[in-house]
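Trainee:
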Amino acid sequence: MLNLVLFGPPGAGKGTQSEKIIEKYSLVHLSTGDLLRSQIKAGTELGLKAKTLMDQGVLVPDEVVIGMIDAKLQEHQDAPGFIFDGFPRTVKQAEALDELLKSHNEQISVMVALLVPDEELKKRLLIRGQTSGRPDDQNEEKIKTRIFEYNSKTTPVADYYRQQNKFVSIGGVGEIEEIFEAICGAVESN
9 MLNLVLFGPP GAGKGTQSEK IIEKYSLVHL STGDLLRSQI KAGTELGLKA KTLMDQGVLV
69 PDEVVIGMID AKLQEHQDAP GFIFDGFPRT VKQAEALDEL LKSHNEQISV MVALLVPDEE
129 LKKRLLIRGQ TSGRPDDQNE EKIKTRIFEY NSKTTPVADY YRQQNKFVSI GGVGEIEEIF
189 EAICGAVESN
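When we follow my numbering, the leftmost residue of the sequence shown carries the number 9, and every step to the right adds one.
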């Protein structure tokens, strides 16, 4: 089974590359944001718990998110693998994910990080903000904060996977197909 963690700051191209990876390897996409929304919409126990917390402006605890991921793993037991998007964001979450996967006799195969210079990210996000209408992509200060948050919080997660020899960084600037080929090379060599 291929279990891939795709990392990158806002604007690095994760969404574009995720679609291509999913299509090529037939992976199930696990986006924590999508999971939360679908569990809330379905009215599941975990979804209702998450909604209550979110309505209070509180972050959903890791154990709730891990529970949702577990439900998704069980729902797709015959899948050739999963792509984790937006999770794990902390070492604690990475450890919890490892434990969960271990209970399913699985593990993370590789963590691929898309590297894009901050100035390029700002440019991409401002352009995306003009076309998407997303307010967080239209304000340069908010963009700087998001990039800083990503860089400061996710570096330890990259180190966590680096210690397991599962970390690969790919340049995220260039032609979409070239970046995709580099990702495929990294995936297939691990």
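Ideal placement from N, C-alpha and C gives every residue a C-beta, glycine not left out.
For the beta strand (DSSP E) holding residue 93, just list the boundary residues, first then last.
Mentor: Start and end: 89–93.
Trainee: Could you name the residues of the same chain whose beta carbon sits closer than 6 Å to that of residue 155, not counting the 5 residues immediately before and after it, in chain order?
Mentor: Within the same chain, residue 155 has close Cβ partners 17, 126 and 129.
Trainee: Terminal residues of the continuous beta strand (DSSP E) containing residue 177?
Mentor: Note, residue 177: beta strand (DSSP E), 175–179.
Trainee: Under 8 Å by Cβ, that's how I've got residue 176 and residue 194 pegged, so tell me the actual separation to the nearest angstrom.
Mentor: About 4 Å separates the two Cβ atoms, so the contact holds.
Trainee: Output the distance between the C-alpha atoms of residue 137 and residue 146, rounded to the nearest integer angstrom.
Mentor: Approximately 5 Å, taken between the alpha carbons.
Trainee: Starting from residue 121, trace the beta strand (DSSP E) both ways and give me its first and last residue.
Mentor: Segment 118–123, the beta strand (DSSP E) holding residue 121.
Trainee: Starting from residue 13, follow its DSSP beta bridges and name the residues at the other end.
Mentor: 92 and 119.
Trainee: Go to residue 38, then tell me how far its beta strand (DSSP E) extends in each direction, as first and last residue.
Mentor: It spans 36–39 - the beta strand (DSSP E) in which residue 38 sits, taken as one unbroken run.
Trainee: With a floor of 4 residues, list each alpha helix (DSSP H) that falls wholly inside the segment 54–113, ordered by position along the chain.
Mentor: The segment 54–113 contains these whole alpha helix (DSSP H) runs: 70–83 and 99–111.
Trainee: Mind checking whether residue 190 and residue 15 have CB atoms under 8 Å apart?
Mentor: Against a cut-off of 8 Å, the Cβ pair of residue 15 and residue 190 comes out as no contact.
Trainee: What span of residues does the alpha helix (DSSP H) with residue 164 cover, start to end?
Mentor: Start and end: 148–171.
Trainee: Considering only C-alpha positions, which residue in the set 111, 198 and 60 is nearest to residue 79?
Mentor: Considering only alpha carbons, the answer is 111.
Trainee: When you compare each of 115, 85 and 74 to residue 101 by their alpha carbons, which one comes out closest?
Mentor: Considering only alpha carbons, the answer is 74.
Trainee: Between 12, 48, 56 and 20, which has its C-alpha nearest residue 35's C-alpha?
Mentor: Comparing Cα positions, the closest option is 12.
Trainee: State buried or exposed for residue 20, treating a residue as buried only when at least 16 other CB atoms are found within 10 Å of its CB.
Mentor: The residue is buried, with at least 16 neighbouring Cβ atoms inside 10 Å.
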